[in-house]
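Q: Each step along the sequence shown adds one to the number in numbering that gives the first Met the number 0, with nothing skipped, and position 144 is 143. Note that CB positions come from ideal geometry on N, CA and C, so glycine has one too. Could you have a look at this structure, given as structure tokens, before my questions?
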Amino acid sequence: MKRKVLSALLSVAMIATLLVGCGGDKPAQDAPAADAPAESEAPAADAAPAEGDGADAAAPAGEGGLIGVAMPTKDLQRWNQDGSNMEAQLKEAGYEVDLQYAANDIQTQVSQIENMISNGCKLLVIASIDGDSLGTVLAQAKEAGIPVIAYDRLIMNSDAVSYYATFDNYMVGTVQGEYIRDALDLENAEGPFNIELITGDPGDNNARFFFGGAMDVLQPYIDSGKLVVKSGQTSFEECATANWATEAAQSRFDAIIASNYSDGTKLDAVLASNDSTALGVANSLAANYTGDYPVLTGQDCDIASVKNMIAGKQSMSVFKDTRDLATQVVKMVDAIMKGGEAPVNDTESYDNGTGVIPSYLCEPVFADVNNYEKLLIESGYYTEADLK
């Protein structure tokens with residue numbers, strides 16, 4: 000089921016002129032996000048106004064209450080950016096922030112959330128490591144009357160979740176599938192073309208929606224024989240990558256290339272659901288493949304993958320501006336903390352097992368060698384030096 004949801008311009012004026020706002024067409028979904036590897040320090044979040052200016056003048060830091068922000072790991076670039084953007088914007092809006100990273104350890108994240116509750120946090124923003132593992136600690140939050148916003152990954156099977164904020168995960172996959180379709184001109188070219196598939200962690204529900212959105216575009220061409228998966232690995236389970244790990248993706252593709260493309264057979268495209276898996280594919284190609292680089296997708300515009308785009312080793316990456324998502328979450332926090340309802344643009348799609356969670360979906364766009372400077376550098380997301 001696809002439909003149009005509300006678009007919104009969520010970033011500063013310059014970014015608003017560059018990017019499509021939040022919202023988008025999507026089918027029913029019930030879960031969320033992918034990770035990408037850290038290659039360097041995350042770029043600094045937008046600077047808060049000087050003391051006495053703007054929001055700080057109206058709401059001194061910490062006056063709005065203590066907000067707990069739980070992120071899964073610091074090992075992946077995108078979560079560093081999410082955390083720093085969220086912290087900066089919440090502080091600018093007048094809130095005190097307890098930001099914690101859990102090193103991808105579920106029990107660590109549970110303990111961190113327990114501490115946030117006992118330390119008096121008034122609201123929790125949680126990007127879960129495993130969406131099914133927080134039921135007990137969130138029951139404590141509900142008993143304490145603490146609202147919970149699930150951030151980018153839907154928390155499953157808990158009636159303590161008040162809202163969900165994310166990018167349109169199904170649309171991420173359709174953007175990737177459509178990029179491959181158009182790059183190979185599948186509507187007109189005779190083919191056949193060889194393609195391989197790789198997606199993310201099987202415990203991350205978002206991975207299923209990334210993969211599903213892309214396969215809804217590509218499957219008809221596979222069924223007709225215009226696209227051929229020589230490895231035969233086409234199911235989500237066969238294509239999944241534990242922890243979205245670059246090393247695991249590279250190891251799998253080493254085996255695929257050795258078994259199917261070592262004789263000079265051309266590999267035309269690789270659907271990779273995010274940049275950490277795409278990086279593993281690119282590393283494997285560099286070590287084992289002698290032909291031209293295939294069309295290779297990704298997600299998150301991590302520095303390593305943007306550099307690969309510039310070098311012709313990766314074709315595109317879906318850009319999800321974490322500043323926009325942070326801006327929207329701050330609006331949601333502010334509305335809740337002032338006794339109102341958070342702004343949402345989807346009240347039908349995301350069922351976490353206890354009911355549909357009111358959600359706000361931001362719309363992703365893709366970056367490639369033709370537009371990355373406008374999207375990433377001119378908008379201030381990266382500097383030119385970051386990509387050298």
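Just to confirm the assignment, what range does the beta strand (DSSP E) spanning D167 have?
A: No beta strand (DSSP E) holds D167; DSSP gives it neither H nor E.
Q: Please report the straight-line C-alpha distance between K229 and N193, rounded to a whole angstrom.
A: Approximately 7 angstroms between the Cα atoms of the pair.
Q: Just to confirm my understanding: we take T264, look at its own chain, exclude 5 residues before and 5 after, and list those with CB closer than 6 angstroms. What are they?
A: Answer for T264: no residue qualifies.
Q: Residue range of the beta strand (DSSP E) that G67 falls in?
A: It spans 65-70 - the beta strand (DSSP E) in which G67 sits, taken as one unbroken run.
Q: Quick check on the burial criterion: 16 or more other C-beta atoms within 10 angstroms. Buried or exposed for A164?
A: Buried: at least 16 other Cβ atoms inside 10 Å.
Q: One question on the structure: do S283 and D262 come within less than 9 angstroms of each other, judged by their Cβ atoms?
A: Cβ atoms of S283 and D262: not closer than 9 angstroms.
Q: Under 9 angstroms, do A286 and L295 count as touching if we go by C-beta distance?
A: No.
Q: The beta strand (DSSP E) with N193 in it runs from where to where?
A: Its beta strand (DSSP E) spans residues 192-197.
Q: If we ignore side chains and look at the alpha-carbon of each, how far apart do L137 and V68 end up?
A: For L137 and V68, the distance between alpha carbons rounds to 14 angstroms.
Q: Is it the case that the Cβ atoms of T276 and A310 are separated by a distance below 9 angstroms?
A: No; because the gap between Cβ atoms is not below 9 angstroms, this pair is not in contact.
Q: Out of T289, M85, D367, which has the shortest C-alpha to C-alpha gap to I148?
A: With distances taken between Cα atoms, I148 lies closest to M85.
Q: Quick one: using the 10 Å Cβ neighbour count with 16 as the cut-off for buried, is P219 buried or exposed?
A: That one is exposed.
Q: Which one of R152, D151, I125 has the shortest CA to CA distance from A140?
A: Measuring from the Cα of A140, the nearest candidate turns out to be I125.
Q: When you compare only the Cα positions, how much space is there between A213 and Q175?
A: Each residue's Cα considered, the two are about 6 angstroms apart.
Q: Grouping DSSP H, G and I as helix and E and B as strand, with all else coil, what is E372?
A: Note: E372 maps to helix in three-state DSSP.
Q: Rounded to whole angstroms, what's the CA-CA distance from D29 to T321? Just pull it up for me.
A: Any answer about D29 is weak, because its pLDDT of 40 lies below 50 and its placement is not dependable; what the coordinates show is given next. Rounded to the nearest angstrom, the two C-alpha atoms are 21 angstroms apart.
Q: Quickly, what does DSSP pair M315 with across the bridge? List them, please.
A: D367, per the DSSP bridge assignment.
Q: Are there 16 or more other CB atoms within 10 angstroms of the CB of A303, so buried, or fewer, so exposed?
A: Buried is the call here.
Q: Just curious, the alpha helix (DSSP H) that A257 is in, first and last residue?
A: Per DSSP, A257 belongs to the alpha helix (DSSP H) from 245-259.
Q: Given a threshold of 16 other Cβ atoms within 10 Å of its Cβ, counted over all protein chains shown, does T326 qualify as buried or as exposed?
A: Result: buried.
Q: Among residues of its own chain, excluding the 5 on either side of S358, which ones have a beta-carbon nearer than 8 angstroms to its beta-carbon?
A: Taken in chain order, the residues that qualify are Y162, Y163, A164, T165, V343, N344, D345, T346, S348, Y349.
Q: Could you check if G354 is buried or exposed, using at least 16 other CB atoms within 10 Å of its CB as the buried criterion?
A: When all chains shown are included, G354 counts as exposed.
Q: In angstroms, rounded to a whole number, what distance separates the CA positions of S378 and V368?
A: In a straight line, the C-alpha of S378 is about 16 angstroms away from that of V368.
Q: Taking G388 as the reference, give the member of A271, M115, I221, I154 with the closest Cα.
A: One cannot answer for residue 388 here, as it falls past the ends of the chain, which runs 0 to 387.
Q: Run through the stretch 169-242 for me and flag every whole beta strand (DSSP E) of 3 or more residues, listed as ranges in chain order.
A: Those beta strand (DSSP E) runs which fall completely within the stretch 169-242 and span 3+ residues are 192-197.
Q: Given 8 angstroms as the limit, is there contact between the stretch 233-243 and the stretch 198-206, that is, 3 or more CB pairs closer than that?
A: Contact holds: three or more Cβ-Cβ distances are below 8 angstroms.
Q: May I have the straight-line CA-CA distance separating E362 from V171, to the nearest angstrom?
A: Distance between the alpha carbons of E362 and V171: 8 angstroms.
Q: Between C120, F235, K225, which has its C-alpha nearest F210's C-alpha?
A: F210 has its Cα closest to that of F235, out of C120, F235, K225.
Q: Would you call N168 buried or exposed, if buried means 16 or more other Cβ atoms sit within 10 Å of its Cβ?
A: Under this definition N168 is a buried residue.
Q: Provide the residue(s) that pair with S161 in DSSP beta bridges, ordered along the chain.
A: Per DSSP, none; premise fails for S161.
Q: G53 to K373, Cα distance in whole Å?
A: Confidence in G53 is poor, its pLDDT being 34 and thus under 50, which makes the residue's placement unreliable; the coordinate value appears in the next sentence. About 28 angstroms.
Q: Based on Cα-Cα distance, which residue from I255, D333, D158, D181 lies nearest to G64?
A: When each option's Cα is compared against that of G64, the closest is D333.
Q: When the Cα atoms are used, what is the spatial distance from A102 to V96?
A: Whole-angstrom Cα-Cα distance: 19 angstroms.
Q: Answer with buried or exposed for N114, where buried requires no fewer than 16 other C-beta atoms within 10 angstroms of its C-beta.
A: Per the 10 Å Cβ criterion, exposed.
Q: Measuring straight from C-alpha to C-alpha, what distance separates Y292 and A268?
A: Each residue's alpha carbon lies about 8 angstroms from the other.
Q: Are the CB atoms of S83 and N351 nearer to each other than 9 angstroms?
A: Going by C-beta atoms, S83 is not nearer than 9 angstroms to N351.
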